[in-house]
Amino acid sequence: MSHLSRREIIGHGSVVGATLLLGGGAGVAQTAAPPVATPELVEAARREGTVVFYTSTDVQVAEALASAFQTKYPGVKVQVERSGAERVFQRISQEYGSNIHAADVIETSDAVNFLLFKRQGWLAAGLPGDVVKLWPAHARDPDGQFAVFRAHLSVMGYNTKLVKKDDAPKSLVDLLQPKWRGRIVKAHPGYSGTIMTATYAIAQALGWDYFEKLGKQRVLQVQSSTEPPKKLAQGERPIMADGNEYNIFSLMEAGEPVAPIYASEGTPLVPGNAAIFKEAPHKNAALLFYDFIFSLPAQQLICDVGGLRSFHPEVKEKSTRTPLKDIKLLLADPVAIEKEAESIKQKYEADFGT
Amino acid sequence: MALVIEVLPARRSQRPDFFKPVAVFLVVVLAILVVLPLFWLAVTSLTGKNGELSFENFTALFTDPTLRKPFVLAVSMSAGVGILSCLLATPLAWLVARTDLPGRTLVRALVTASFVTPPFLGAIAWEILAAPNSGLINEFCRFLFGLDPYDAVVDIYTMEGLIFVISCYTFPYVFTLVANALDRIPADLEEASAILGAGTFTTLRRVTIPLVLPAMLAGSLIAVLQALTMFGAPAILALPAGFHVITTKIWSLFQYPPRLGLAAAAALPLLAVTVILLRAQRWILGRRTYTVIGGKSGEPRIMKLGAWRWPALGFVGFILGLTVILPYAALLRTALSRHLSEPFVWSNITLHNFHFVLFELSATKLALQNTLVLGFSAATICTALALATAYFVSRRAVPGSKILGLLATAPVAIPGIVLGVALFLSYGRPPFMFYGTLWILLIGFVTIELPGGYQQLSAAMQGIDAGLEEAGRILGATRLTVLRQITAPLLRTSIIAAWCFVFIGTIRELSATILLTTANTKLVSVIIYDLNESGDLGAISVLGIVLMAISFAVVLIANRLPLLGRRATPQ
Chain A
1 MSHLSRREII
11 GHGSVVGATL
21 LLGGGAGVAQ
31 TAAPPVATPE
41 LVEAARREGT
51 VVFYTSTDVQ
61 VAEALASAFQ
71 TKYPGVKVQV
81 ERSGAERVFQ
91 RISQEYGSNI
101 HAADVIETSD
111 AVNFLLFKRQ
121 GWLAAGLPGD
131 VVKLWPAHAR
141 DPDGQFAVFR
151 AHLSVMGYNT
161 KLVKKDDAPK
171 SLVDLLQPKW
181 RGRIVKAHPG
191 YSGTIMTATY
201 AIAQALGWDY
211 FEKLGKQRVL
221 QVQSSTEPPK
231 KLAQGERPIM
241 ADGNEYNIFS
251 LMEAGEPVAP
261 IYASEGTPLV
271 PGNAAIFKEA
281 PHKNAALLFY
291 DFIFSLPAQQ
301 LICDVGGLRS
311 FHPEVKEKST
321 RTPLKDIKLL
331 LADPVAIEKE
341 AESIKQKYEA
351 DFGT
Chain B
355 MALVIEVLPA
365 RRSQRPDFFK
375 PVAVFLVVVL
385 AILVVLPLFW
395 LAVTSLTGKN
405 GELSFENFTA
415 LFTDPTLRKP
425 FVLAVSMSAG
435 VGILSCLLAT
445 PLAWLVARTD
455 LPGRTLVRAL
465 VTASFVTPPF
475 LGAIAWEILA
485 APNSGLINEF
495 CRFLFGLDPY
505 DAVVDIYTME
515 GLIFVISCYT
525 FPYVFTLVAN
535 ALDRIPADLE
545 EASAILGAGT
555 FTTLRRVTIP
565 LVLPAMLAGS
575 LIAVLQALTM
585 FGAPAILALP
595 AGFHVITTKI
605 WSLFQYPPRL
615 GLAAAAALPL
625 LAVTVILLRA
635 QRWILGRRTY
645 TVIGGKSGEP
655 RIMKLGAWRW
665 PALGFVGFIL
675 GLTVILPYAA
685 LLRTALSRHL
695 SEPFVWSNIT
705 LHNFHFVLFE
715 LSATKLALQN
725 TLVLGFSAAT
735 ICTALALATA
745 YFVSRRAVPG
755 SKILGLLATA
765 PVAIPGIVLG
775 VALFLSYGRP
785 PFMFYGTLWI
795 LLIGFVTIEL
805 PGGYQQLSAA
815 MQGIDAGLEE
825 AGRILGATRL
835 TVLRQITAPL
845 LRTSIIAAWC
855 FVFIGTIREL
865 SATILLTTAN
875 TKLVSVIIYD
885 LNESGDLGAI
895 SVLGIVLMAI
905 SFAVVLIANR
915 LPLLGRRATP
925 Q
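Listed below in C-alpha cells is the structure:
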C-alpha cells in the first residue's frame, strides 16, 4: 500500500472494502519463498524458547494472540511488548541506535514507521504463504518486507446510556455543535499512529479548519486511540471524536453501553503492518510466529476477540458488526503522512493545547 | 534567649590518611554520575539539526510560545504544590509529634502510605474519583443533591486538580522533615519560654515555629522541586485538560520526529529555577546553623488536646481520607469491578482483573522482579554514597569536601525526563554500553535519588553536635571508633529513613524510566503507564495494589529489622 500514490489509494477505496469482505484479489507471488511451519522450524523455535513481539495492538488482544500461539506451539513463549505505535517506534529507534536487537516481530498501526524501517534496511524479506496467496497487492510490501496484519477503523462513537441513538451525531461536522462542547473525548495524533493517519485523512477530506473548530469544543484529550472507547464506556464523556473501532466492538460485547458511529463524511481506515527484523535474536521463533499471526485461526481470532478487520478472505465477520462494504472509507497514503506529520503535530498543538 | 546555638567552624584535628583516597573515590564516582550526563546534555543542546554547533535550540526556546507557556504553567503549578503541601503537612506533623492525639502511630503509617504511593498511581486513582462525569465523587454528589447529569462538583482535569493530586503525594516530604524536627527540639527550650511567662501560643510562635521553619522550608522546597520535575501525574491529568507543563512538553519533543536538542535546551530554564530556589532557601535561613541534638536534651513536650482532640481528629481524618483512604478505596473498587460504570454490587464484582494481571499479562512477573532488584540496589548504593558524602562535607574531613556536596546536590536540578535522555546519550554508546540493561536504570535511580538522600543525611549530620564526636576523640577513640560508636548509632534512624526514601523513590520514578526501559528491563511503573495510555483501569488498579503491598512491606521490615530498626534515641 505504501508505494501507491494517494490518488491510486483513493481509487482503491471501494476495492479495499470489497476485498476485506469478499476476500478477492489474490496477489501475484513475487516474494521470497514463504516460511512454512515445518517440524524442523518448530523444533528450532522451541530451542530458542521465546519470541519477542513489539506491538501496538490492544494489550488484551495481543495477549490472546500470544496464548493461542503458545497453545499451538508449546515451549515457545511470546513476550508481548505493547505500547502506543509511536512509543514502539521510539523504542525501536533508540534500541537500534544503540545496537540493541531485542525485538523479533513488530506490528504497529503506523504505516509510516514501516517506510522508515525499510529504508534503514532493518526488515527481513519473506512473507507467509497465506499472505502471498491471499492478500491483495496493496496490502503488502512489493519487496515482501511487511504486510497488513490487521486493519481497523478510527470511528466516532457514543455512550448509549447517556445519548439516544437519534440524538447522537451523524457526521464529523455534527461534533462542532455547541451542545457537544465539553462532551467529547479524543485521542492524540502525536502519540497514536492511528490518530495521525485519521487526522491526515480527515484534514484531506474536510480541511484543517474542521480541527481548528473542534479544538474549541473543550475535548478531553487522551493519548492512545484505544483510550477514548474506554472513557466512553466509563461515561466520562458521552461522545468520542476518534478512537479504535475494535475497542468499541470488544466493549459492546462485554456489555458496555457504547456504539460506533460511521460518519457521513467517511471513516478513516488504518492499516497495521507486521514485519520480522533482519537482526531478530530468535530467528526461527520469529518466522514461526510471523507465519502464525497471518494464518486463518489467528486472523479469525483478532477479528473475533479483537474486532479487527482482516485481509484474510476466509475470516468470518460477526453479524452484529457493520460490514465494511457499507462503510464509506477515508484512506491515507503513508508517504504523504510522513511528509505532513511534523506540521500536523504543530497545528494540532496550536488548536488543542497539547 | 538563646534559641539557636551558633556552631563554630569545625575544629581542625589530626586526620588519618585513608580519608583522602575515599574522598577521591567519591569525587570520581559522583563526577561520573553527575557530570557525564550534564556534559552530553550541554553538547546536545548546542547541536543543530545537521550535527553542527548551533544556538538554534536556544533561539527556539525563547521565541516559541508553545515552549514558554508550559514553563510558566509548571512554575505556578509547583509553587501551588509547595504551599499546599506545607499547609497540609505542618499542622499534621505538629499534631502527631507534639500532642496526645489518639492514633498517632496510625497517622504516621498512613502518611507513609501516601509517601509510598507513586504520584502517577495517585493521579489515576483521582481520575476514577474526580473525573467530571464518571468520577465517583461527582456521581455520589449528583445522587445526593439531585444534580443534572453533567454537573460536576469537582473536576480533576484542571490546574487546581493537578496541584491537589501532586500535593497529596509530596506533602509527606514536608511532614517527615517537620515531624522529625519537632521530635528533635529539646523540651528545655520550650520550657524556658514557658517559665519566662510566655503562653502556649507565644511559645509556639516564637520558639517552636522558628525552630522548625528550616524543616518546613526544606520540605516545601523538595515538594516544589518534585512537582517541577514530575512527569507521570501531569501526563495523566494535564494532557487531558489540554495543557502542557515543561516535563510533558519535553516528553512530546521525543515523539517522532524527535527533537533532542530542543529538549535538552528546554531543560536549562528548569536548572536555573532550581538554582534560584536553592539560593533563596539559603538566603531565608541565613548563615545560622541549627544544632538541636546536643549532649544534654530532654524529651519533647507533649501538649494535651483536651476537647480540641475531636476537631483535630476530624482534620487529620479529612486529610488522610483525601490523600490515602479514598484513592485506595477507588483503586480497590476498580480492581474488583466488572463494569466501571455500574454500581458496586455483587453481580458486578469480579476477580478477572487480578487473573489478567497475575496470569495473562506476560510482563508482570519480570517487571515486579526488576522493580524490586533495582529498588534494593539503588537504595543501598545511594544511601552509602549519600552518607559518605554527608560525613565528609559536614565534618570537613578533607580539604575541598564542599565540592562533594555540590556534586551530590546537582542532580536535583535535572528533571528525570531530561536525565533519561542524558543517560541514554551517555550510556547508549561506547565506552559505556548500558542501554538495554538494568545498569542504566540503576545509574539513573542512584543519580536521581542522590540529592534527596544526601539532603536528609546531611541534615541529620548537622543536627548532631560535633562536640559529641569530639568528646569521643578527646577520650582517646580513633576517628573510626567514633564513627562506629557515636555517629552511626545517632544516625541510625536517619539512615533507615534515607534508605526507604530512595527505595520508594525508585518505585515512584517514571520520568527517566520511561525513556530507559526496554523489553527485558521493564518496570511496574512503566507497565502501569502503558496500561493507562490504553485505558485499562482495572489492570492498573490491581498492579497498583500489588506494588503498594510489596513496598509497604519492605518499608515496614526495614524499620523493624533488629539490626537497623532500633529507635536511636539520643543518649
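First to last, the protein sequences are chains A and B.
Counted the way the working numbering counts, the first sequence spans residues 1 to 354.
Counted the way the working numbering counts, the second sequence spans residues 355 to 925.
Even glycine gets a Cβ: it sits at the ideal position worked out from N, Cα and C.
- Between residue 666 of chain B and residue 455 of chain B, the C-beta spacing is below 8 Å.
- Neighbours of residue 308 of chain A in chain B, taken as residues whose beta carbon is under 7 Å from its own, are absent, since the nearest beta carbon is some 15 Å off.
- The beta carbons of residue 592 of chain B and residue 602 of chain B sit about 6 Å from each other, so the pair counts as a contact at 8 Å.
- Apart from the 5 residues on each side of it in sequence, residue 737 of chain B sits with its Cβ closer than 7 Å to the Cβ of 807, 849, 852, 853 and 856 in its chain, given in chain order.
- Its Cα nearest to that of residue 220 of chain A, the residue B/487 stands out among B/487, B/575 and B/541.
- For chain B, the residues of the segment 88-112 of chain A that bring a beta carbon within less than 9 Å of one of its beta carbons are 89, 90, 91, 93, 94, 95, 97, 98, 99, 100, 102, 103, 110 and 112, in chain order.
- In this structure residue 242 of chain A does not touch residue 170 of chain A by the C-beta definition: roughly 16 Å separates them, more than the 8 Å allowed.
- Rounded to the nearest whole angstrom, the C-alpha separation of residue 475 of chain B and residue 858 of chain B is 13 Å.
- The beta carbon of residue 175 of chain A is closer than 8 Å to those of 156, 169, 184, 214, 217, 239 and 241 in its chain, skipping five residues each way along the sequence.
- Taking residue 97 of chain A as the centre and dropping the five residues before and after it, the same chain places no C-beta closer than 6 Å to its C-beta.
- Residue 769 of chain B is not a Cβ neighbour of residue 598 of chain B, given a cutoff of 8 Å.
- With a threshold of 8 Å between beta carbons, residue 84 of chain A makes contact with chain B.
- Put simply, the segment 194-203 of chain A does not touch the segment 321-328 of chain A. Fewer than three CB pairs are less than 8 Å apart.
- Listed along chain A, the residues sitting closer than 7 Å to residue 487 of chain B by beta-carbon distance are 235, 236 and 237.
- For residue 496 of chain B, the enclosing alpha helix (DSSP H) starts and ends at 490-499.
- For the options A/289, A/129 and A/253, the alpha carbon positioned closest to that of residue 103 of chain A is the one of A/289.
- DSSP, reduced to helix, strand and coil, places residue 706 of chain B within a helical segment of the structure shown.
- Per the C-alpha coordinates, the member of B/903, B/609, B/887 and B/897 positioned closest to residue 83 of chain A is B/887.
- By the beta-carbon neighbour count (other beta carbons within 10 angstroms, threshold 16), residue 526 of chain B is buried.
- By the Cβ-count criterion, residue 899 of chain B is buried, with 16 or more other Cβ atoms from all chains shown falling within 10 Å of its own Cβ.
- DSSP, read as helix, strand or coil, puts residue 774 of chain B in helix.
- Contact of residue 594 of chain B with chain A by beta-carbon distance below 8 Å involves 220, 221 and 222.
- Taking CB atoms only, residue 502 of chain B has no neighbour in chain A less than 8 Å away.
- Assigned with DSSP and collapsed to three states, residue 99 of chain A falls in coil, not helix or strand.
- Sequence-distant Cβ neighbours of residue 710 of chain B in its own chain, meaning closer than 7 Å and more than five residues away, are 893.
- Take residue 627 of chain B, set aside five residues on each side of it, and the residues of its chain with a beta-carbon closer than 8 Å to its own are 429 and 582, in chain order.
- The secondary-structure analysis by DSSP pairs residue 590 of chain B with nothing; it has no beta-bridge partner.
- Straight through space, the alpha carbons of residue 500 of chain B and residue 462 of chain B are spaced by roughly 38 Å.
- At least one C-beta of chain A is nearer than 8 Å to the C-beta of residue 597 of chain B.
- Assigned with DSSP and collapsed to three states, residue 411 of chain B falls in helix.
- Nearest CB-CB separation between residue 166 of chain A and chain B: not below the 8 Å threshold.
- Annotation: residue 545 of chain B has no Cβ neighbours in chain A at a cutoff of 8 Å; minimum Cβ distance is about 57 Å.
- Per DSSP, the continuous alpha helix (DSSP H) segment holding residue 727 of chain B begins and ends at 718-748.
- In the displayed model, residue 613 of chain B falls within coil according to three-state DSSP, outside both helix and strand.
- Counting C-beta atoms within 10 angstroms of its own C-beta, residue 403 of chain B has fewer than 16 neighbours from the protein chains shown and is therefore classed as exposed.
- Considering only beta carbons, the part of the segment 50-80 of chain A lying closer than 8 Å to chain B consists of 52, 54, 58, 59, 60, 63, 66, 67, 77, 78, 79 and 80, in chain order.
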